[in-house]
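Chains as they are written, first to last, in the numbering used here: chain A, 25 to 595; chain B, 246 to 395.
The structure under discussion appears below in the form of C-alpha cells.
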Amino acid sequence: MKAFGGRMGLRPALTVSMAIGLAVAIVAAAFGMAAYNEHLGQQERHRAAEVQLRILAGSMAAPLAFDDRSAAREYVGAQSSNPDVEAVAAYDMQGQLTAAYTRPGAPPPPDRNTLGPPRLDGARLVLTSPVTEGETVLGSVYLRSVLESPARRAMRYAGFALLIVMAALLVAVLGAAGAREGEANRKLQAEIREREKAEAALRQSQKMEAMGQLTGGVAHDFNNLLMVASSGIDLLDRTTDPARRERLRQGVRQAIDRGASLTQQLLAFSRRTPLKPEVVDIATRLAGMHALLDRSLREDVKVEINLPPDLWRIEVDASQLEVAVLNIAINARDAMPDGGTITIEARNEPSGRPDGVGDMIRLGIRDTGVGVAPEMITRLFEPFFTTKAVGKGTGLGLSQVYGFARASGGEAGVDSKLGEGTTIWLRIPRSTKALASEPAAIAPRKAGPIGRYRILLVEDDDSVAQLVEEMLRELGYEVVRAGEALGALDVLRKDGAFDLVFSDMVMPGDIGGLDLARDISRLRPSLPVILTTGYSAAAAAATNEGRRVLIKPYRIEALATELDTALQRAS
Amino acid sequence: MKAGYLAKFTPFVDWPETAFEAPGSPFRLCVGGRDPFGGAIDRVAGVLHVGDHPVTVIRLPTVAKGVGCHLLFLSASRQQTPQQMLAVVAGKPVLTVADEDLEASGAMVQFVTVENRLRFSIRADAAQAAGLTLSSKLLALSAPPRDGGK
Numbered sequence: 025m026k027a028f029g030g031r032m033g034l035r036p037a038l039t040v041s042m043a044i045g046l047a048v049a050i051v052a053a054a055f056g057m058a059a060y061n062e063h064l065g066q067q068e069r070h071r072a073a074e075v076q077l078r079i080l081a082g083s084m085a086a087p088l089a090f091d092d093r094s095a096a097r098e099y100v101g102a103q104s105s106n107p108d109v110e111a112v113a114a115y116d117m118q119g120q121l122t123a124a125y126t127r128p129g130a131p132p133p134p135d136r137n138t139l140g141p142p143r144l145d146g147a148r149l150v151l152t153s154p155v156t157e158g159e160t161v162l163g164s165v166y167l168r169s170v171l172e173s174p175a176r177r178a179m180r181y182a183g184f185a186l187l188i189v190m191a192a193l194l195v196a197v198l199g200a201a202g203a204r205e206g207e208a209n210r211k212l213q214a215e216i217r218e219r220e221k222a223e224a225a226l227r228q229s230q231k232m233e234a235m236g237q238l239t240g241g242v243a244h245d246f247n248n249l250l251m252v253a254s255s256g257i258d259l260l261d262r263t264t265d266p267a268r269r270e271r272l273r274q275g276v277r278q279a280i281d282r283g284a285s286l287t288q289q290l291l292a293f294s295r296r297t298p299l300k301p302e303v304v305d306i307a308t309r310l311a312g313m314h315a316l317l318d319r320s321l322r323e324d325v326k327v328e329i330n331l332p333p334d335l336w337r338i339e340v341d342a343s344q345l346e347v348a349v350l351n352i353a354i355n356a357r358d359a360m361p362d363g364g365t366i367t368i369e370a371r372n373e374p375s376g377r378p379d380g381v382g383d384m385i386r387l388g389i390r391d392t393g394v395g396v397a398p399e400m401i402t403r404l405f406e407p408f409f410t411t412k413a414v415g416k417g418t419g420l421g422l423s424q425v426y427g428f429a430r431a432s433g434g435e436a437g438v439d440s441k442l443g444e445g446t447t448i449w450l451r452i453p454r455s456t457k458a459l460a461s462e463p464a465a466i467a468p469r470k471a472g473p474i475g476r477y478r479i480l481l482v483e484d485d486d487s488v489a490q491l492v493e494e495m496l497r498e499l500g501y502e503v504v505r506a507g508e509a510l511g512a513l514d515v516l517r518k519d520g521a522f523d524l525v526f527s528d529m530v531m532p533g534d535i536g537g538l539d540l541a542r543d544i545s546r547l548r549p550s551l552p553v554i555l556t557t558g559y560s561a562a563a564a565a566a567t568n569e570g571r572r573v574l575i576k577p578y579r580i581e582a583l584a585t586e587l588d589t590a591l592q593r594a595s
Numbered sequence: 246m247k248a249g250y251l252a253k254f255t256p257f258v259d260w261p262e263t264a265f266e267a268p269g270s271p272f273r274l275c276v277g278g279r280d281p282f283g284g285a286i287d288r289v290a291g292v293l294h295v296g297d298h299p300v301t302v303i304r305l306p307t308v309a310k311g312v313g314c315h316l317l318f319l320s321a322s323r324q325q326t327p328q329q330m331l332a333v334v335a336g337k338p339v340l341t342v343a344d345e346d347l348e349a350s351g352a353m354v355q356f357v358t359v360e361n362r363l364r365f366s367i368r369a370d371a372a373q374a375a376g377l378t379l380s381s382k383l384l385a386l387s388a389p390p391r392d393g394g395k
C-alpha cells in the first residue's frame, strides 16, 4: 500500500512540472518569436533607410552638380517627413556640406562626409552613399535614422509580453490545479476502493452472523424434531399398546414432516428449489391442510377458512403454497399468545380486461393478534428478521412467503394495526389452465414380486443406505449396495444382471452420481438410473440433463412410484 | 564655373548612338564665337568622359557645318548671330548651351544669373526636337526662362 501511494504521488508532481514546463515553453517561444520579429523588423528598417538614402542620392545629383542649394535644401528637407530620420546632409564633390536637415534636439551631421558601409551608432543607423549620375561622382549624402529606442521597443512589446505571461501563468495555474484535482480524484478513488473493501468485509461478516443465527435456529429446531423422533422410537420399543404405538408413530412422522418442511424453507429462501408449478385449486389444497394446521397450532387458536365457491385457479408449486400458508399461520399463532382466530380468506381480483390478463387471486391470512409496529412492517419479509426469541424462529418463514409469491409471478404484503391484528396477503396471477388430475394415492406395496428386479444401490452414508435397502426390500426388490461410484462401476462390470441403478449424487471420490449416470448411459444405455439427492443445486444439474431425480427426504410411496415408472419405461 | 557646368551637363543628357561615329570616338565640345573660358575648359575636358567617349574641345570662331559637334556653347560673336549658329546645327543631336546675356531663344540651355548665382533655364522641347533626352533631374533645376519660354 505504501509503494502504491508513492507511485500515485509521483504522477501529479510530474504533471505540475509539466504544466510549468509548458508555461515556460510558451514564454520562451513567444520571446523567440519576438526576437525573430525584431530582427526582421530591424532588417526592414535598414532596407527602408537604404531605399530612402538611394532616392535621396538620386534626387541630389542635379542640385549637387549645379550647386543649387535651394533645391538641395528642399530635397534634404523632404526627408524629414519620415519621423525616424534624425539628420540628413548632402555634400558636394569636394566633400563640403551643401545642405543639411537636423531634427530639433538631435546632433547635427558631420561637416565632412566619410563614405562607408552602414553603421550603428547606438540606437541610430548611419548610412552614407555617393551621389552619381551615369559614372560621374557628383557628391555624397548622409542619412542618420533613429532605430526604435529600447524604451519604445519595450513599450511596444510590453502588452504582448504581458499577454504571453498571463497565458503562461494561466496554463501553469490551470495545469497545476488540474494535476492537484487529478491527485485528489485518485485519492478519492483509492478511498472509495478502501471503503468498498470495508463494506464487502462488513457484508461478509453480516452474512456470517446471519449464517450463525440461521444455523443456530435450524439446529435448535432440528434437535427438537430429532428429540421427538428419537424418544418416539425409544418408546415404541417399550410399549405394546396398539393405540399408544399409533400415537407415537404419528408423533415421529410429524416431526419428520416438519424437518422436511424446514429444509424446504431453507431451500426456498436460497431460491434453489426449482418450483414445480401445477394448476392448483386453493379450496381443495386448504381443505387438505386443515389437519396440518390444527396440528401445528395450539388449541386456543381457531382456524376459519372462508373461501368463495367460484374462486379462480392458480398455477403454483403446491407444496410451496402449503408451506407459505403454514408459515403465515405459525406467525399468526405466535402473534396471539393468548389465543385468537386465524381467518384464511380468498377472493378474485379481476383486472377488468377482456382477455383476463392481470386477473389476480388474493389470499389473505388474518389474525387477531398484537399487530406489527409500522417501522417493522417493511422489514417483515427480510430474511432472518425475527421478533421472536433466539431459537424460537429462524426469521425465514415470511421470507419464504415473499420468495414464493415473487417466484409465482405475484406479490406479498402486510396490513397491520397494533393491537388489532395483522393480515398477510398474497396476490397470485390467475391460471386458466385445466386442473391437473389428482395423483392417485399410493398404497404401500407390501407384496412385491421378490427377486423379480435387481437394484444396484449406490450410497456412501451407511445409515441412509441401510434404511433405503430396507425400504427397497420392503417394496420387493433385490438390492446390492455399492459405497461409491467407482465401486458401483466395478460391480456392474462383474455382474451385469441389474435392472436399475439407484444412486446418491453427492459422494466422496472422484466421480459423483451424475458422472456415474453418464458412464452407465454410455456403457449400458438400456439400464435405467435414478438419482437422489437432498442438495438442490445437484438436483437442478441432473434435471437439466433430463435425468430422473428423487429429492431427499422421500417417503416410501414416492420411492415406489419412481422405481415403477423407471422400470416400466425401461421394459 | 560655366566650364564646369558644361562638363556637368553631360551626365544628364543622352545622345543617340547615331551621334557618334564609333563607340570610342571623341565627344566634341564646341565653343562657338569668342572663347570665354581660356584654359579652364581644357582642364575640365581633360578628365571628362561622356560614356566611353573622351572629350575634345573645339573652338569655332565661326560655326560651320561638318564639324560634328555634340555640345555647342554659344558665345558672343562678331561674325555670326546666335541664330545663325543655331541654324547650322538645327535638326542635329547637338546640345546647344547659350551664354548668359546672349539673345539665343533657340538654344536648349540658357545660362542665367538669378540672385547673383549662375543658373540655367532649359527648353526641353528644343532638345527633344533635336533627338536629345534631358534628365528630369536637370529639368527640375531649370530656372524660369527669361524670355517667358519662347
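Even for Gly, the Cβ is constructed at its ideal location relative to N, Cα and C.
For residue j and residue i, the rounded distance between their alpha carbons
{"i": "A:VAL40", "j": "A:GLU172", "result": "40 Å"}
{"i": "A:ALA72", "j": "A:THR152", "result": "14 Å"}
{"i": "A:THR556", "j": "A:ALA582", "result": "12 Å"}
{"i": "A:VAL349", "j": "A:LEU513", "result": "45 Å"}
{"i": "A:ALA191", "j": "A:GLU62", "result": "21 Å"}
{"i": "B:ASP287", "j": "A:LEU162", "result": "19 Å"}
{"i": "A:ASP383", "j": "A:PRO374", "result": "5 Å"}
{"i": "A:PRO141", "j": "A:GLN76", "result": "15 Å"}
{"i": "A:GLU406", "j": "A:ALA561", "result": "23 Å"}
{"i": "A:LEU442", "j": "A:ASP391", "result": "12 Å"}
{"i": "A:ALA471", "j": "A:TYR501", "result": "Because the pLDDT of A:ALA471 is 43, which lies under 50, any placement of that residue in the model is unreliable, and the number read from its coordinates should be weighed accordingly. Distance between the alpha carbons of A:ALA471 and A:TYR501 is about 11 Å."}
{"i": "B:PRO281", "j": "A:SER83", "result": "31 Å"}
{"i": "A:PHE55", "j": "A:LEU139", "result": "37 Å"}
{"i": "A:ASP484", "j": "A:GLY240", "result": "27 Å"}
{"i": "A:VAL488", "j": "A:SER545", "result": "25 Å"}
{"i": "B:PHE272", "j": "B:VAL339", "result": "11 Å"}
{"i": "B:GLY376", "j": "A:ASP145", "result": "49 Å"}
{"i": "A:PHE409", "j": "A:LEU516", "result": "51 Å"}
{"i": "A:ASP379", "j": "A:ALA359", "result": "41 Å"}
DSSP beta-bridge partners of residue i
{"i": "A:GLN120", "result": "A:ARG136"}
{"i": "A:MET384", "result": "A:GLU373 and A:PRO453"}
{"i": "A:LEU480", "result": "A:VAL504 and A:VAL525"}
{"i": "A:PRO154", "result": "A:SER164"}
{"i": "A:THR567", "result": "Beta-bridge pairing links A:THR567 to no other residue."}
{"i": "A:ASN330", "result": "A:GLU369"}
{"i": "B:GLY277", "result": "B:LEU305 and B:LEU319"}
{"i": "A:ILE338", "result": "A:VAL304 and A:ARG454"}
When the options are compared against residue i, the one with the closest alpha-carbon
{"i": "B:ALA388", "options": "B:GLY376, B:GLN373 and B:GLU345", "result": "B:GLU345"}
{"i": "A:ILE306", "options": "A:THR287, A:ASP324 and A:ASN330", "result": "A:ASN330"}
{"i": "B:VAL302", "options": "B:GLY376, B:ALA264 and B:ALA248", "result": "B:ALA248"}
{"i": "A:LEU80", "options": "A:LEU404, A:MET232 and A:LEU167", "result": "A:LEU167"}
{"i": "A:ALA584", "options": "A:ALA509, A:ARG497 and A:LEU538", "result": "A:ARG497"}
{"i": "A:LEU272", "options": "A:LEU481, A:GLU483, A:ALA565 and A:GLY256", "result": "A:GLY256"}
{"i": "A:PRO453", "options": "A:ILE385, A:VAL515, A:ALA506 and A:LYS518", "result": "A:ILE385"}
{"i": "A:SER455", "options": "A:ALA267, A:PRO301 and A:PHE246", "result": "A:PRO301"}
Own chain partners of residue i with C-beta closer than 7 Å, once the 5 adjacent residues on each side are dropped
{"i": "B:GLY277", "result": "LEU305, VAL308, LEU317, PHE318, LEU319, SER320, SER322 and MET330"}
{"i": "A:GLU462", "result": "Its pLDDT being 46, under 50, A:GLU462 is placed unreliably in this model, and the coordinates cannot settle the point."}
{"i": "B:ILE367", "result": "MET353, VAL354, LEU379, LEU383, LEU384 and SER387"}
{"i": "A:VAL195", "result": "ALA43, LEU46, ALA47 and ILE50"}
Other residues of its chain near residue i: CB distance less than 6 Å, five sequence neighbours each side excluded
{"i": "B:ASP259", "result": "THR378"}
{"i": "A:GLU157", "result": "ALA85"}
{"i": "B:GLN255", "result": "In the sequence on display, residue 255 of chain B carries Thr and not Gln. Closer than 6 Å at Cβ, skipping near neighbours: VAL295."}
{"i": "A:LEU404", "result": "LEU422 and VAL438"}
{"i": "A:ILE474", "result": "The predicted position of A:ILE474 is uncertain, since its pLDDT is 47 and thus under 50; a value taken from the coordinates is nonetheless stated next. Same-chain partners within the cutoff: GLY500."}
Proximal residues to residue i (C-beta, below 8 Å), its chain only, five neighbours per side dropped
{"i": "A:ARG180", "result": "GLU172"}
{"i": "A:PRO133", "result": "ALA111, VAL112, ALA113, LEU121, ALA124, THR126, TYR166 and ARG168"}
{"i": "A:ALA58", "result": "TYR181, PHE184 and ALA185"}
{"i": "A:ARG177", "result": "GLU62"}
{"i": "A:ILE580", "result": "PRO468, MET495, GLU498 and LEU499"}
Can you list the beta strand (DSSP E) stretches of 3 or more residues lying completely in the region 285-349 of chain B, in chain order?
Fully enclosed beta strand (DSSP E) runs of 3 or longer: 298-305, 316-319 and 340-343.
So within the region 490-564 of chain A, which uninterrupted beta strand (DSSP E) runs reach at least 3 residues, ignoring any that extend past its ends?
As summarised for the region 490-564 of chain A, the continuous beta strand (DSSP E) elements at least 3 residues long and confined to that stretch are 502-506, 524-528 and 553-557, given in chain order.
Going along the chain, which unbroken runs of the alpha helix (DSSP H) with 4 or more residues stay wholly within the region 64-134 of chain A?
93-102, all fully within the region 64-134 of chain A.
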